[in-house]
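A short write-up of the structure that comes next.
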Amino acid sequence: MQSRSSAVLSAVRSCLLLLFIHWSAPGEARRVRGGRAQTRRVQQQQSPPPAYRERVEGAESFPLDFTAVEGNMDNFMLQIRNLAQSLYPCSAQKLDQDMKLHFLKNTSVTCNDGSPAGYYIKESKGSRRWLLFLEGGWYCFNKQTCDGRYETLRRLMSSTRWPQTRTGTGIMSPQPEENPHWWNANMVFIPYCSSDVWSGSTPKTRPSDYAFMGSQIIEEVVNELLTKGLDNAKVLLLAGSSAGGTGVLLNVDHVAEQLESQGHGGVQVRGLADSGWFLDNKQYKFTDCLDTISCAPTEAIKRGIRYWGGLVPEGCRQAHVGEEWKCFFGYKVYPTLKSPVFVVQWLFDEAQLTVDNIHLTGQPVHEGQWRYIQNLGQELRGTLREVPAMFAPACLSHELITRTYWMDIQVKGTSLPRALHCWDRSFQDNLHGNSSHGNHNHQKHKSPPARGCPLHLIDSCPWPHCNPSCPTIRDQLTGQEMSVIQFLKHMGFDVQKMAQQQGMDPRKLLGMLSNGN
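The opening residue of the sequence shown carries number 5 in this note's numbering; numbering runs sequentially from there.
Dropping the structure here:
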């Protein structure tokens, strides 16, 4: 143990020496080194055209959270150590930065099968920012679909096989190169094992039954984190993807109220909902509600909310009495929320298309399917029009914030990490003129963003993958990478017809599409 501690201390000393040299170097050299991550990404992929290029300042690669220092030199030195670990050649000597598993002390709050629920945590003692992430993974809505889920996706219903550690990626990464603004936050990953879109409140009563306790799992995790420093937090960001993104919309106000009721109203509670903004639209082809994938989302949620004992935000419940299922759809629940929420949503979400019975397999889509896909993008744009803080690329994909490539996707020249940083800044600017500390006084609709710091980012081009920074597309049958042009032709895209509709020269349109190779 002593030799390990000595090795760690030696590594930190070496890194601090490098850091001293780094800060002593001329300003221009520091800027080059600080922009290392951006340079690497540019080398890995073809540069996007100017319309999609974001100006990245060198210092942005390794920001320090100086708000967390507040005169505490120990905390400051911890941040210096974390920064030093990111500097070459110390990356080979990184300290353990994985999140570690903790089961809930309250054993009455369980996964579907009665096994204990829990969370993974990586504490950052120098930071007063907390990021709680809700995992996604569809749902089940009756005994039959839950039995099938238990056979094929048991890790989403039981904690018995959870690993002891998890490595954070994307916005959960502790590496500033991958996560420039949240890398030093306290990271908490809450595994999804309730199959209820994080809404349930029903314990397991018989051996053959299932528990559905998603909302109570979140509440109990927050209670435990209050003993680990959350009580002294400045910001709690409740984030989630897919079903976890919908879970954010369903629970963010309750978390804010929970903290306020326990005397922690000074904690600013915000939401980040990724790929959880689903539409209760009409399916392309109607099918009987036999399984989770083919069942229309409205019918699945109607059945599920009864089966789970699902809870919804009080404001939304009052707005939709007797139709509480509507609160599972973003555009219905969002206007009723008091807490600020940033929405991340692909305009052509693969999960939405799946439940709408559009299956993009090896066969080209028919003209009717192509029109349906385009209309879906338009419909989604319409529901996001009044959302002030959002990031909506015109891509065919699902989930983004925990992807390792999350920094590479851009809308109108701005990346998602940059937009989230701008969102952060908007709260800081707003609080300078606001002496109140209650959660619900942090307004959802704010003054216009600072110049050069956009928050409302949505693609206007009308077809899937018309944004050249979209993720790589693979053929679902062969696994082969496809260029954007290959993909659109596979989708039945007619270049001549589309160019005519857009009032463009077909050659110019082909050139634009080629930039997305």
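Built from N, CA and C at the ideal position, the CB exists for glycine as well.
Please identify the residue among the options whose C-alpha is closest to the C-alpha of residue i.
i, options, result
"L294", "K147, A277, T340, L400", "K147"
"C331", "W410, Y214, G251, G140", "G251"
"D235", "V325, K129, P458, C457", "K129"
"E181", "A304, T476, P421", "P421"
"N188", "S343, T387, R407, K126", "K126"
"Q168", "K109, L105, I222, G204", "L105"
"P184", "W410, L357, V415, E155", "W410"
"A300", "G313, R310, N285", "N285"
"L351", "Q382, I194, R429, A393", "Q382"
"S430", "A393, V415, S464, R159", "A393"
"Y123", "S265, W134, I221", "I221"
"D360", "P339, K342, S343, L380", "L380"
"S343", "F333, G275, G313", "G275"
"C197", "W166, L388, E223", "W166"
According to DSSP, is residue i part of a helix, a strand, or is it coil?
i, result
"W142", "coil"
"D284", "coil"
"A277", "strand"
"I309", "helix"
"I477", "strand"
"A393", "coil"
"F216", "strand"
"I377", "helix"
"M191", "strand"
"V325", "coil"
"V348", "strand"
"H370", "coil"
"W427", "helix"
"M176", "helix"
"Y335", "helix"
"R455", "coil"
"E155", "helix"
"Q266", "coil"
If you draw a straight line from the alpha carbon of residue i to that of residue j, how long is it in whole angstroms?
i, j, result
"N471", "S119", "44 angstroms"
"C399", "T209", "44 angstroms"
"I462", "W427", "15 angstroms"
"F248", "P458", "The sequence shown places Gly at residue 248, not Phe. Cα to Cα, the separation comes out at about 25 angstroms."
"Q101", "A243", "20 angstroms"
"C144", "R455", "45 angstroms"
"P211", "V316", "27 angstroms"
"R407", "Q179", "13 angstroms"
"R153", "S177", "29 angstroms"
"D257", "E371", "43 angstroms"
"S162", "V345", "30 angstroms"
"G62", "T418", "Its pLDDT being 31, under 50, G62 is placed unreliably in this model, and the coordinates cannot settle the point."
"Q287", "I377", "11 angstroms"
"K278", "K336", "For the record, residue 278 in the displayed sequence is Asp; it is not Lys. Cα to Cα, the separation comes out at about 16 angstroms."
"G269", "W467", "44 angstroms"
"L230", "V239", "13 angstroms"
"L357", "R385", "15 angstroms"
"L135", "L424", "13 angstroms"
"K306", "T296", "13 angstroms"
"I309", "S131", "38 angstroms"
"M217", "V226", "14 angstroms"
"S464", "Q349", "14 angstroms"
"A323", "L341", "11 angstroms"
Just grab the DSSP bridge partners of residue i for me.
i, result
"Q272", "V239"
"R133", "V239"
"S401", "D353"
"Q414", "S419"
"S245", "D278"
"K104", "I125, T169"
"P120", "T114"
"L253", "DSSP, once it has assigned bridges, lists no residue as partnering L253."
"T206", "F216"
"L461", "F395"
Count the other C-beta atoms from every protein chain shown that fall within 10 angstroms of the C-beta of residue i, then say buried if there are 16 or more, exposed otherwise.
i, result
"S112", "exposed"
"F137", "buried"
"D292", "exposed"
"D353", "buried"
"P30", "With a pLDDT of 41 at P30, under the threshold of 50, the predicted position of this residue should be treated as unreliable, though the coordinate-derived value follows. Looking at its Cβ environment, which holds fewer than 16 other Cβ atoms inside 10 Å, P30 is exposed."
"V325", "exposed"
"E139", "buried"
"G172", "buried"
"G531", "Outside the displayed range of the chain (5 to 521) lies residue 531, so it cannot be described from this structure."
"E318", "exposed"
"T114", "buried"
"D151", "exposed"
"G550", "Look at the range of the chain in this structure, 5 to 521, and you will see that residue 550 is not part of it."
What I want to know is whether the C-beta of residue i ends up closer than 7 angstroms to one or more non-hydrogen atoms of the ligand SAH.
i, result
"T156", "As far as ligands go, the structure on display features none, and thus does not contain the ligand SAH."
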